[in-house]
Amino acid sequence: MQYLEGTNPPQRQAITTTEGPLLVLAGAGTGKTRVLISRIAHILTQNLAELDEVLAVTFTNKAAREMQERLEAELESSVKGMWMGTFHSLSGRILREHAQLVGLDKDFDIVDPDGQASVMRDILLAHGIDEKQYTPKQMVGLLSAWKDNSWLPEEVPAEEAMKLGGHGHSVYRSYQERLKQLNACDFGDMMLLTLKIFKENPEILQQYQQQFKYILVDEYQDTNGVQYLWLRLLAMGHKNICVVGDDDQSIYGWRGAQVGNILAFEEHFEGAQTIRLEQNYRCTGNILHAANAVISHNEQRHAKELWTDSGQGVPVEVHQRWDDVDEVRGLMVTVINHHLKMGGSLKDIAVLVRSASQTRVLEAELRKAKIPHRLVKILAFHDRKEVKDAIAYLKLVTRPRDDLSFERVINLPKRGIGDSTLKQLKQISQTRNMPVFDAAVVAVNENLVNTKAKKALYEFTQLVNGWRSDIPNGSYDQLMEMILDESGYVDMLYEDKAKEGEEKMKERIDNVKELLRELTDVTQENLLDYFENLALDSDTIDLLGIPQDEVSIMTVHASKGLEFPMVFLPGFEDGLFPHQRSIDDELGTGVEEERRLAYVAMTRAKKKLIISHTSSRKLYGNWISCEPSRFFLELPEKGVRYYKEGRGSEINYIKEGHNPTGRTELKRKGPRKMGEAAPQTQLSDAQVDALNKGPMIGVSADGMSTGTKVMHEKLGTGRILGVEGFPPNRKFIVDFDEHGEKKMLESMANLQKI
DNA sequence: ACATTTCTTTCTACC
DNA sequence: AAAGAAATGT
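Using my numbering, read the first sequence as starting at 157 and increasing by one per residue.
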């Protein structure tokens, strides 16, 4: 049995224990993917199940693809027919099959967050809710959280329904109604509506329960409420559910993930067995030791300690740099060039950032230093404006009910259809219960809009009808090309050159061309799948040519499951990592999740881990001073070296400026008190201006100074303890009567003087 | 309705 | 700093 070769005893056990519920607690780099693949190979080669009787759930499409490839290599045969994919893609498959049961057509569309916000904007308007007080995004966020918890409109608990001014409940219903009208659903619905079908139609559920003899789930620590219930129902048939995960790597709490699912698996599934994989095959001893030390500060976790027998390796490095530019130029570029000189390769290297905003400086400086690099998954190809515009045209032509796409392209390029005309069209569409496109035809025929708009609408509808009659037998690239040409969209891109600059224009044109290339594979048969993938698969970035030798730049979240010989972790500063939003989190679980995130980040490194923090960095265009991340205080004494360099200096990499006293300098006496203002290291022009105009720190013209009593919408009354920075980016430190000390940005907090 | 200017806001993380 | 919204002028 080939698939057992080279496995350790617990791995072997996890592969061959096929019957009954099984929890595999698999730490970072313990060979969990290997186990999953071998387990499926075992099930199939032992003839325990047919291909379509195996359900394998992964967290990303990329993971699904990788698993499929490796499995096929292992079995030397195709595994087509197996149910392998993400929760959303698998659930979507079931939902399409039974869409009528929840009022959707089989070819329903999946709206992305932009689309959600757009729908919500109309709903808020119709409900007479002030969209400044409750933004569409906020409202969508609330609904998504409810859906992640598996609450249908009638199931939302009373106290939840009180949130955001108590509007949520009625808004939820209208929002769902509207989506139904559009023949569309959002991400949350893909799980929730399928669950609804299961609950209301036992015979359908039973059919799937019988079909799926073996269920496997990867990254179980990141499942949310609705996903848990979905799995639970499906697993009720044969009860052979194997979940693999690591509570220390749960980093999607903001998307509703409940670590509790993995912590309580044994209670949720009766008779469950647990197997632990604790031998790490990825990192050096020093890296593992450092990561273990950090994560051990979390309260909510299964006790475990990863180990390795592969030697200590070189120390983990911690660098203090002057600012974000110096962090790249002085540190990374130096190290990377040295790595190249020693014969190393760029694809060994990854830079993992906490927030996408860090990539701007990173990219600029690496470009200056002529170091090839690639942003991975930061802005997905299909999220680019010009690509979304083109897709909207294609959707409008092929999907008659797609009002969202109509809205997007009706005045792109400018056709003289403004807000007021659009509003009229929407009105007609609602009262006559027809798509906005049809309303436009009606408006033309019945003279319901002014002459100018009428002419423009007539021409537009003629164009679209023309394209509709040209829907091809072959691939869609030619239709798309015709649309882009005849609509004037491409001309518009060229004309934008003056405004946007030539480089930007070229990039846009290239992206549209790339889209055309992609569409050569799209036909009437797979158009629906194509649209579904657009919504569900954001990994598709590697279509732009062969993988080059270049440094990978990505967010820590995007790095989960990957590994690199050398990893840089810039921006380890309180406020950025851990992020301020998590520090402010009232439940206190935020920092624990950040710590898990740090753990994930550190354990991506196989041989060399370089963490850095800066003294100052730009935020919203203003310099702020930064404190070292609190996570440094949790690093072990051994196996970590500290480096501190001044402004613009380059470290002498070979000689190593090992600074044993660095640690004491780094070590704070304890967390900085909230009221204790961070020292301002450098003033921006705006700040100097602000000073010259009058208001001084703490004695501002608006009377918001230390001692002022203030009122906050949610946190109630309190007193200002201190003020940092300058308008309009001041931060107030407020001692709230009910909630204690909080630090907040002026523009966010909306504090009222009382 | 659109172009231009001015002012706000934004920077967690993503299927 | 850059993108987006709002205000203002034509």
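Note that the Cβ used here is the ideal one computed from N, Cα and C, for glycine as well.
{"Check": "Three-state class that DSSP yields for D559 in the structure shown", "Outcome": "helix"}
{"Check": "DSSP three-state assignment for N357, whether helix, strand or coil", "Outcome": "coil"}
{"Check": "Cα-Cα separation, S300 to V327", "Outcome": "12 angstroms"}
{"Check": "Any 3 or more C-beta pairs closer than 8 angstroms across the segment 253-273 and the segment 520-537", "Outcome": "no"}
{"Check": "Proximal residues to L847 (C-beta, below 6 angstroms), its chain only, five neighbours per side dropped", "Outcome": "Low confidence applies to L847: its pLDDT is 32, below 50, so where it sits in the model is not reliable enough to give any reading."}
{"Check": "Where K811 falls, given that 16 or more other Cβ within 10 Å makes a residue buried", "Outcome": "For K811, the predicted model reports a pLDDT of 26, less than 50, meaning its position is unreliable; a value from the coordinates is still stated below. The residue is exposed, with fewer than 16 neighbouring Cβ atoms inside 10 Å."}
{"Check": "Reference G441; option with closest CA among S771, L775, Y650 and L765", "Outcome": "L765"}
{"Check": "Cα-Cα separation between V890 and L743, rounded to whole angstroms", "Outcome": "18 angstroms"}
{"Check": "Nearest neighbour of A197, chosen from G381, G863, F888 and A229 [CA to CA]", "Outcome": "A229"}
{"Check": "Neighbourhood of A525 by C-beta distance below 6 angstroms, restricted to the same chain and skipping five residues each side", "Outcome": "V489"}
{"Check": "Under 8 angstroms between C-beta atoms of F787 and V450", "Outcome": "yes"}
{"Check": "Cut-off 8 angstroms between Cβ atoms - residues of its own chain near E209, not counting five sequence neighbours on either side", "Outcome": "Q367, F368, K369 and Y370"}
{"Check": "For W307, three-class secondary structure by DSSP", "Outcome": "coil"}
{"Check": "Residue of L181, R195 and E175 minimising C-alpha distance to R168", "Outcome": "R195"}
{"Check": "Cβ-based burial, I910 [other Cβ within 10 Å; buried from 16]", "Outcome": "exposed"}
{"Check": "3-residue-minimum beta strand (DSSP E) runs that sit fully inside the segment 589-630, ordered along the chain", "Outcome": "none"}
{"Check": "Same chain, Cβ closer than 8 angstroms to K236, five either side skipped, listed in chain order", "Outcome": "L207"}
{"Check": "Simplified DSSP assignment, three categories, for V275", "Outcome": "helix"}
{"Check": "Supposed close pair L725, I780 - CB separation, criterion 8 angstroms", "Outcome": "With 8 angstroms as the limit, L725 and I780 do not qualify as a contact, their Cβ atoms being about 20 angstroms apart."}
{"Check": "Close Cβ partners of T350 (< 7 angstroms) along its chain, the five nearest in sequence each way excluded", "Outcome": "S247, I250, L251 and W386"}
{"Check": "Contacts around E748, its chain only, beta-carbon distance under 6 angstroms, and the 5 residues preceding and following it disregarded", "Outcome": "N454"}
{"Check": "CB contact flag (P177, I397, <8 angstroms)", "Outcome": "yes"}
{"Check": "Selected residue, minimal CA-CA separation from D374, among K218, N567, Y755 and D539", "Outcome": "K218"}
{"Check": "Segment limits, beta strand (DSSP E) that includes K764", "Outcome": "A761 to L775"}
{"Check": "Cα-Cα separation, E790 to L753", "Outcome": "14 angstroms"}
{"Check": "CA-to-CA distance, E663 to G657, given in whole angstroms", "Outcome": "10 angstroms"}
{"Check": "Per-residue DSSP class, three states only, for M900", "Outcome": "strand"}
{"Check": "Strand pairing of Q429, partner residues [DSSP]", "Outcome": "L178"}
{"Check": "Euclidean distance between Cα positions of R334 and S274", "Outcome": "11 angstroms"}
{"Check": "Identified DSSP bridge partners for N380", "Outcome": "A413"}
{"Check": "Extent of the continuous beta strand (DSSP E) to which I451 belongs", "Outcome": "Element bounds for I451: not the beta strand (DSSP E) but the alpha helix (DSSP H), G441 to I451."}
{"Check": "Opening and closing residue of the alpha helix (DSSP H) in which A506 lies", "Outcome": "Unbroken run through A506 is the beta strand (DSSP E), I505 to V509; no alpha helix (DSSP H)."}
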